[in-house]
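> Pasting a structure below so you can have a look.
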Amino acid sequence: MEDIGKRSRGRGLPSRRTVLAGSAALAMPAIWTSGARAQSSTLVVSTWGGNFGRLLTENVDVPFMKPLGIEVVQDIGGEEARVAKIQAQRMLPQGNIDVACVTGGVAQRLADLGALEPLNAATVPNLAHALPNLLTPTAAPQFYSPQVLIYSSERVKEPPTSFADLLEPAYKNKVGLTDGNFPFNMMAAALYASGNITDVAGAKEAMIRLNKNGLKLYPSVDATAPPFKSGEIDAGIMFLARVISWQDSGIPVKAAFPKEGAALYVSSLVVPKNAPNKQAALKYINAMLEPSAQQGFAAKLGYIPATDNAGLSGTLAQQLALPVPAPKLVVPDYAAMAAGSADLADWWKKTIQRS
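Here the numbering used here is used: position 273 in the sequence shown is 379, and no number is missing along the way.
Below, the structure written as structure tokens:
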């Protein structure tokens, strides 16, 4: 999946602040119920590090939480690590995470476990400005990015308009995908196959055809960029935010929205039901939805704000503007993703990754 903690459209060294984590923290929840942790002035945000953590500090922690006297402590780690903490602690009276940054599918998994606090505009006023198609009863959308067709602006004269174009002889041995993004790659194939994002059978058939056309796989999103510059590949499937980031770094690529529809990558904020500082957590989410915070993340990461009042302007607004007429944007079916994730991962590994 997209690793949003590793990149930025601006410069600056990441600021890292950590809390006790791992097995020791899971085994000793009493640490957090005593002394300083019990004070309402401390808030633990479990998140990605690097530029993502730095942007949280610059756009939320310092301008909004510090004036309230709330000290934000970032619990840095991978998404699965923080999910494991929430799962392990969910039956305890009190956990050690106040806010967690997660992707849309993971937010749904935690909600299905009953581990998340309900969110609404009564407790988080800025949710009134959240885009309704991205909002769920327990997750506040932070930003999103459509999955698009990416192509070389130097070598591709007629931009692709559909997944179908990637199957043509003109793209033989010239299509590259990120291996870790396979769930979203399969969504793109499913939308092409039938217009139904959960059409696994159709997606498998389309992906097998793409594989036979010389599909190249790269281990990470970052590893997918150099082949576009070198000429090893000419097209692929990528999130719009990355296309913009690569354009800014001088890689000659452009984006095209597939006519069958574009799946959305959504980053969300959630509050565990047993968060020690729930009131501060709700204030934090409200701050993240403030226009200035939304603008800050859009400017540095290239993601589209998840609110209707972000007020982007100038070049940034042009870069993130959706085409006219509006493309078909499809929010993933997270329940279906969760139900079939293990089987799909196994199929991908055996049929696409190893071939």
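We put the CB at the ideal spot given by N, CA and C, even for glycine. The model shown is predicted, which means the values in this text are computed figures rather than measured ones.
From the DSSP output, in three-state form, read off K455 for me.
The residue labelled residue 455 in the question sits at position 349 within the sequence shown. Reduced to three states, the DSSP call for K455 is helix.
> How big is the Cα-Cα spacing for A312 and A276?
Working through the sequence shown from its first residue, we reach residue 312 at position 206. Working through the sequence shown from its first residue, we reach residue 276 at position 170. A312 and A276: Cα-Cα distance of roughly 17 Å.
> Using C-beta distances below 7 Å, list every residue in its chain close to R315, excluding the 5 sequence neighbours before and after it, in chain order.
Counted from its first residue, the sequence shown places residue 315 at position 209. Excluding sequence neighbours, R315 sits near L273.
> In chain order, what residues of the same chain lie with their CB nearer than 7 Å to the CB of A393, ignoring the 5 residues before and after it?
Indexing the sequence shown from 1 puts residue 393 at position 287. V166, F170, M171, A399.
> If you drop the 5 nearest sequence neighbours on each side, which residues of the same chain put their C-beta closer than 6 Å to that of T304?
For the purposes of this step, residue 304 is identified with residue 198 of the sequence shown, where counting begins at 1. Excluding positions up to five away in sequence, the list reads D439, A442.
> Just mark Q459 as buried or exposed, buried being the case when its beta carbon has 16 or more other beta carbons within 10 Å.
Translated into positions along the sequence shown, residue 459 becomes position 353. Exposed: under 16 other Cβ atoms inside 10 Å.
> Would you report the Cα separation of L323 and L237, rounded to the nearest angstrom?
Walking along the sequence shown from the start, residue 323 turns up at place 217. Walking along the sequence shown from the start, residue 237 turns up at place 131. Whole-angstrom Cα-Cα distance: 34 Å.
> Would you kindly report the start and end of the unbroken beta strand (DSSP E) that includes I343?
In the sequence shown, the residue the question calls residue 343 occupies position 237. Note, I343: beta strand (DSSP E), 341-345.
> Tell me which residues share the same chain as A362 and place their Cβ nearer than 7 Å to its Cβ, disregarding the 5 neighbours each side in the sequence.
For this step, residue 362 is matched to residue 256 along the sequence shown. The answer, listed in chain order, is V254, L255, Y257, P265, P266, T267.
> Buried or exposed, going by whether 16 or more other CB atoms sit within 10 Å of the CB of D181?
Here the question's residue 181 lines up with position 75 in the sequence shown. Buried, by the Cβ-count rule.
> For L219, does the count of other Cβ atoms within 10 angstroms reach 16, so buried, or fall short, so exposed?
Position 113 of the sequence shown, counting from 1, holds the residue named residue 219. By the neighbour-count rule (16 or more Cβ atoms within 10 Å), L219 is not buried but exposed.
> By how many angstroms is the C-alpha of P429 removed from the C-alpha of K263?
Taking the first residue of the sequence shown as 1, we reach residue 263 at position 157. Taking the first residue of the sequence shown as 1, we reach residue 429 at position 323. Their backbone Cα atoms lie some 20 Å apart in a straight line.
> Is the segment 145-163 touching the segment 378-387, taking contact as three or more C-beta pairs under 8 Å?
Yes, the segment 145-163 touches the segment 378-387.
> Taking the continuous beta strand (DSSP E) assigned at K360, which residues delimit it?
Here the question's residue 360 lines up with position 254 in the sequence shown. Taken as a continuous stretch (DSSP letters only), the beta strand (DSSP E) holding K360 covers 359-362.
> Taking all protein chains shown into account, decide if D449 is buried (16 or more other Cβ within 10 angstroms of its Cβ) or exposed.
Position 343 of the sequence shown holds residue 449. Classification of D449: exposed, given that the 10 Å Cβ count is below 16.
> Got a sec, what are the start and stop residues for the beta strand (DSSP E) S258 sits in?
Against the sequence shown, residue 258 aligns to sequence position 152. From DSSP, the beta strand (DSSP E) with S258 extends over 246-258.
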